[in-house]
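J.:
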Amino acid sequence: MTDFYKHHLFFCTHQRDDGTPYCQAHNAQHLRDYAKQQVKQLKLKRVRVNNAGCLNRCTLGPMMVIYPEGIWYQYTNKSDIDEIINSHVIQGTIVDRLKR
Ligand code: FES
Numbered sequence: 579m580t581d582f583y584k585h586h587l588f589f590c591t592h593q594r595d596d597g598t599p600y601c602q603a604h605n606a607q608h609l610r611d612y613a614k615q616q617v618k619q620l621k622l623k624r625v626r627v628n629n630a631g632c633l634n635r636c637t638l639g640p641m642m643v644i645y646p647e648g649i650w651y652q653y654t655n656k657s658d659i660d661e662i663i664n665s666h667v668i669q670g671t672i673v674d675r676l677k678r
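Numbers 579 to 678, taken from our numbering, label the letters of the sequence shown in order.
1. Please report the straight-line C-alpha distance between Gly648 and Gln615, rounded to a whole angstrom.
2. Taking just the CA atoms, how far does Tyr651 sit from Arg678?
3. Of the choices Lys618, Phe582, Gly597, Arg626, whose alpha-carbon is the least far from that of Phe589?
4. Identify the continuous beta strand (DSSP E) that holds Arg594 and give its terminal residues.
5. Which residue spans inside the segment 651 to 678 form an unbroken alpha helix (DSSP H) run of at least 4?
6. Taking 7 Å as the line, does the beta carbon of Leu587 fall inside it for any heavy atom of the ligand FES?
7. Between Ser600 and the rest of its own chain, which residues show a CB-CB distance below 7 Å, the 5 nearest in sequence each way excluded?
8. Quick one: Cα of Tyr653 to Cα of Leu633, how far?
9. Compare the Cα-Cα distances from His586 to each of Thr598, Val617, Gly597, Asp674 and report the closest residue.
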């Protein structure tokens, strides 16, 4: 079971209204949907993109994490998502500039 997916991407898309930071305030759902679309378009096998609730790194949001490596990324736009997919997911190279 541990190698069922080669890469499993979790995007926090949590939203709240208590005045504290949250990832959906940074368009997280839209960018998560874009990531899923790109993985599908590129026909990447054994790669899964999922929504997640709060991952408890809210002040750095929007945050996503890739397993099994357990690498966290702070992304802001589609270009960042493209770089994470092309570099980390496809080539296996961590994107240091976005790593948190
Ligand atoms: S709201 Fe995204 S990590 Fe907490």
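Built from N, CA and C at the ideal position, the CB exists for glycine as well.
T.: Judging by the given coordinates:
1. Taking the sequence shown and counting its residues from 1, one reaches residue 648 at position 70. Taking the sequence shown and counting its residues from 1, one reaches residue 615 at position 37. Put simply, the backbone Cα of Gly648 is about 22 Å away from that of Gln615.
2. If you number the sequence shown from 1, residue 678 lands on position 100. If you number the sequence shown from 1, residue 651 lands on position 73. If I take the Cα positions, the gap works out to 6 Å.
3. Position 11 of the sequence shown, counting from 1, holds the residue named residue 589. Arg626 is the residue among Lys618, Phe582, Gly597, Arg626 whose C-alpha sits nearest the C-alpha of Phe589.
4. Residue numbering aside, residue 594 sits at position 16 when the sequence shown is read from its first letter. Premise fails: Arg594 is in no beta strand (DSSP E) and is neither H nor E.
5. 656 to 661
6. The residue given as residue 587 occupies position 9 in the sequence shown. It does not: the Cβ of Leu587 is nowhere closer than 7 Å to a heavy atom of the ligand FES.
7. What you label residue 600 is simply residue 22 of the sequence shown in a count that begins at 1. This sequence places Tyr at residue 600; Ser is not what is there. So the list reads His592, Gln593, Arg594, Cys636, Gly639, once near-sequence residues are dropped.
8. Here residue 653 refers to the residue found at position 75 when the sequence shown is read from its first residue. Here residue 633 refers to the residue found at position 55 when the sequence shown is read from its first residue. So the two alpha carbons sit approximately 15 Å from each other.
9. The residue you call residue 586 lines up with position 8 of the sequence shown. The shortest Cα separation from His586 among Thr598, Val617, Gly597, Asp674 belongs to Val617.
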